[in-house]
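For reference, the structure is listed below as structure tokens.
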Amino acid sequence: MSNKVPSSFIVVIGFMLFALFFGAGNLIFPPMLGQSAGMNVWIANAGFLVTGVGLPLLGVMALGFSGKDDLQSLASRVHPVFGIVFTTVLYLAIGPLFAIPRTGNVSFEIGVKPFLPENPGPLPLIIFTIIFFTVTCLLSLNPAKIVEIVGKVLTPIKLTFIGILVVVAFVHPIGDFQAPASNYTIQPFFNGFKEGYLTMDTLASFVFGIIIINAIKAKGATTKKQIMIVCGKATAIAAIILATIYTALSYMGASSVEKLGHLDNGGIVLAKVSDYYFGAYGGILLGLMITVACITTSVGLITSCSTYFHKLFPNLPYKTIAISLSVFSAIVANIGLTQLIAISVPVMTAIYPLAIVLIFLTFFHSLFKGKPEVYQGSLLLTFIVSLFDGLSGAGIHISFIDTFFNAILPLYGEGLGWIIPAIVGGLVGYASSLIRPSHNHQID
Numbered sequence: 002m003s004n005k006v007p008s009s010f011i012v013v014i015g016f017m018l019f020a021l022f023f024g025a026g027n028l029i030f031p032p033m034l035g036q037s038a039g040m041n042v043w044i045a046n047a048g049f050l051v052t053g054v055g056l057p058l059l060g061v062m063a064l065g066f067s068g069k070d071d072l073q074s075l076a077s078r079v080h081p082v083f084g085i086v087f088t089t090v091l092y093l094a095i096g097p098l099f100a101i102p103r104t105g106n107v108s109f110e111i112g113v114k115p116f117l118p119e120n121p122g123p124l125p126l127i128i129f130t131i132i133f134f135t136v137t138c139l140l141s142l143n144p145a146k147i148v149e150i151v152g153k154v155l156t157p158i159k160l161t162f163i164g165i166l167v168v169v170a171f172v173h174p175i176g177d178f179q180a181p182a183s184n185y186t187i188q189p190f191f192n193g194f195k196e197g198y199l200t201m202d203t204l205a206s207f208v209f210g211i212i213i214i215n216a217i218k219a220k221g222a223t224t225k226k227q228i229m230i231v232c233g234k235a236t237a238i239a240a241i242i243l244a245t246i247y248t249a250l251s252y253m254g255a256s257s258v259e260k261l262g263h264l265d266n267g268g269i270v271l272a273k274v275s276d277y278y279f280g281a282y283g284g285i286l287l288g289l290m291i292t293v294a295c296i297t298t299s300v301g302l303i304t305s306c307s308t309y310f311h312k313l314f315p316n317l318p319y320k321t322i323a324i325s326l327s328v329f330s331a332i333v334a335n336i337g338l339t340q341l342i343a344i345s346v347p348v349m350t351a352i353y354p355l356a357i358v359l360i361f362l363t364f365f366h367s368l369f370k371g372k373p374e375v376y377q378g379s380l381l382l383t384f385i386v387s388l389f390d391g392l393s394g395a396g397i398h399i400s401f402i403d404t405f406f407n408a409i410l411p412l413y414g415e416g417l418g419w420i421i422p423a424i425v426g427g428l429v430g431y432a433s434s435l436i437r438p439s440h441n442h443q444i445d
């Protein structure tokens, strides 16, 4: 087998990576950001691109850079127990407990519900989720075909749907930009930065990164340098597409306010804009666009989660796990999106900073010679802060802790108070490794 990875395959991988990241939530956030930012849309959008595009793609690169085959082996640099617990929690959080069911639920809410009579009852959602997750399951049962299915078939369809809408919005804008909403009057870049942070795609980067790295290896890239070059090119393609689409959707949202007014969420913005340009056909276009976006994300998540749990429990066949996840997700999707968010956001809030810190420690691994104390110190202090962020997300406020952290930690109120503790913890861990040479060993 030649070690030269074909350029055409790199393009397919780049499109596939874009498709996996660009789910329903990613369609909804930028239009809402545009509506809120108004005349400050370009600055706010730049902030969104840093965290909505930059961090997730850094996560994919970090996995390739580490030379590890999966997240568990990467996270085990901290401690073997941490590796299993963190990986399992992450897969559950962005898999069957929230993200996978959400794909079906959002598809129904935007793609089907607008065409139903008011208060249709539970039956339409039940029927839709059965169909949706049956399709997802069938696509997920042959993971070897996922590159071809997602990269060559579903992504071009999705890009076509999105492209029609945003091109029309650029050529014939609905109206002029309006004054920004109050939260985007000051620090629009930082507000956009936080919006991208809330997409949670950085968590998914570890999951999708495995698919990308394994696909690259299967095409003949054997050395770390080869893998990183191919991975770098593929992520660049995905980054350009993601940034272009996000920017176009943000512009579309910003230009819609003059005639449509400020709307409640990005899904409604998309629906109203589609209706403005295309009438009933706009609703059909949007429904197809959302459904294809959700299916691509759902297939990627079920494939990745099934692969991990099959490795964790080898006696359970991959196909059994994939079918079980599909059935479970169909059931959970019928609970409703609001309840799913209420249950899942605290968990996501607590583990998301850990994922970000792990990414950056991976790139600095050789600098501190892979000392486990650095990983442990940095992630321990990060988790202490992010745990209380998670509790706050669950509505549990411990006032003296909040007061204390607000006094000593910059950006704690914005949910970024873990940054300084992460750095301090790493430095303390490094100093500890020097003081106790018996524990001073490097982890590959």
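For the sequence shown, the working numbering puts the final residue at 445, and the numbers step up evenly by one.
For each residue, glycine too, the CB sits at the ideal point set by N, CA and C.
Taking 8 Å as the cut-off, the Cβ atoms of I421 and L428 do not count as close. For L368, there is no enclosing alpha helix (DSSP H), as DSSP gives it neither H nor E. For the pair V333 and L98, the Cα-to-Cα distance works out to about 8 Å.
With a threshold of 16 other beta carbon atoms within 10 Å, Q377 meets it and is buried.
Shown here, S77 sits in coil according to DSSP, grouped into three states, outside any helix or strand. In this model, A249 and V375 are separated by some 41 Å (Cα to Cα).
Relative to F329, the option among F49, F133, L124 whose CA is nearest is F133. Pairing F16 with G416, the inter-Cα distance amounts to about 32 Å. If you check the CB distance, N27 and T292 do not come in under 8 Å.
When the alpha-carbon of G65 is set against those of P318, T223, L412, the nearest one is in T223. Between the stretch 88 to 105 and the stretch 229 to 241 there are fewer than three C-beta pairs closer than 8 Å, too few to call the two in contact.
CA-CA distance, M62 to A272, rounds to 35 Å. In the same chain as K218, and ignoring 5 residues on each side of it, the C-beta atoms closer than 8 Å to its own belong to I228, in chain order. If the five residues before and after I242 are omitted, its C-beta is found closer than 6 Å to the C-beta atoms of F19, all from its own chain and listed in chain order. Going by DSSP, H311 is part of the alpha helix (DSSP H) stretching over 281 to 313. S299 and T137 do touch by the CB rule: their CB atoms are close to 5 Å apart, below 8 Å. For L435, the number of other beta carbons within 10 angstroms of its own is below 16, and it is reported as exposed.
About 12 Å separates the beta carbons of A255 and F171, which is beyond the 8 Å limit, so they are not a contact pair.
One alpha carbon belongs to L75, the other to A395, and they sit about 29 Å apart.
At the C-beta level, Y185 and G39 come within 8 Å of one another. Within the same chain, Cβ atoms closer than 6 Å to the Cβ of F129 are found at F109, V113, the five residues on either side in sequence being excluded. Relative to D276, the option among G430, I175, S305 whose CA is nearest is I175. A direct Cα-Cα distance of roughly 8 Å separates H80 from P373. Annotation for A47: F190, G193 place their beta carbon closer than 8 Å to its own, counting only its chain and skipping 5 residues before and after. For the stretch 200 to 276, the full-length alpha helix (DSSP H) segments reaching 4 residues or more read 202 to 219, 225 to 261 along the chain. Taking a cut-off of 8 Å on C-beta distances, the stretch 203 to 217 touches the stretch 350 to 369, as three or more cross pairs fall below it. Less than 8 Å divides the Cβ of G68 from the Cβ of K225. For M40, there is no enclosing alpha helix (DSSP H), since its DSSP letter is neither H nor E. Here G221 is not near I111, since their CB atoms are 8 Å or more apart. Assignment of alpha helix (DSSP H) within the stretch 87 to 138, counting only whole runs of 4 or more residues, yields 100 to 112 in chain order. With contacts defined by Cβ atoms closer than 8 Å, F30 and E196 form a contacting pair.
Counting every other CB atom within 10 Å of its CB across the protein chains shown gives V107 a total of 16 or more, marking it as buried. For L368, the closest C-alpha among the options A239, Y431, V270 is that of Y431. A distance below 8 Å between beta-carbons, with the five flanking residues on each side excluded, links V386 to the following residues of its chain, in chain order: P354, F406, L410, Y413, G418, W419, P422. Here DSSP, grouped into helix, strand and coil, assigns N46 to helix.
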